[in-house]
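Q:
Numbering (our numbering), first residue to last: 32 to 129.
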């Protein structure tokens, strides 16, 4: 698979891989220099790795729940997609997002 042929599932990361992803990370850090990614869990099975994280853009915010799905081949990331949801002020139940 050529670099630019990587399947694209995220509208935020539509540029060629890996340059688009790297560019997005640099842009995000430039916009939010105090951001912090708190990885809560990592699950791996076969060629898939999933990270479940709380992304804090600013100190003291509730954060954003992020699940990143990565497919690997030959030791490299060849596909990525994500699920993102803001952490609500109040939950509809007693479960937390993490």
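Here a beta-carbon is modelled for each residue, glycine too, at the ideal position from N, C-alpha and C.
Using the Cα positions of residue 94 and residue 106, report the straight-line distance between them to the nearest angstrom.
A: In the chain shown, residue 94 corresponds to position 63, counting from 1. In the chain shown, residue 106 corresponds to position 75, counting from 1. Distance between the alpha carbons of residue 94 and residue 106: 31 Å.
Q: Opposite residue 100 in the DSSP bridges: which residues?
A: As a position in the chain shown, residue 100 is number 69, starting the count at 1. The partner list for residue 100 (beta bridge, DSSP) reads 81 and 112.
Q: Can you pull the DSSP bridge partners for residue 67?
A: Taking the chain shown and counting its residues from 1, one reaches residue 67 at position 36. The partner list for residue 67 (beta bridge, DSSP) reads 87.
Q: Using the three-state DSSP reduction, which class does residue 117 fall into: helix, strand or coil?
A: For this step, residue 117 is matched to residue 86 along the chain shown. If DSSP states are grouped into helix, strand and coil, residue 117 belongs with the strands.
Q: Could you check whether residue 86 and residue 68 sit closer than 7 Å to each other, using their CB atoms as the reference points?
A: Residue numbering aside, residue 68 sits at position 37 when the chain shown is read from its first letter. Residue numbering aside, residue 86 sits at position 55 when the chain shown is read from its first letter. In contact: residue 68 and residue 86 (Cβ atoms closer than 7 Å).
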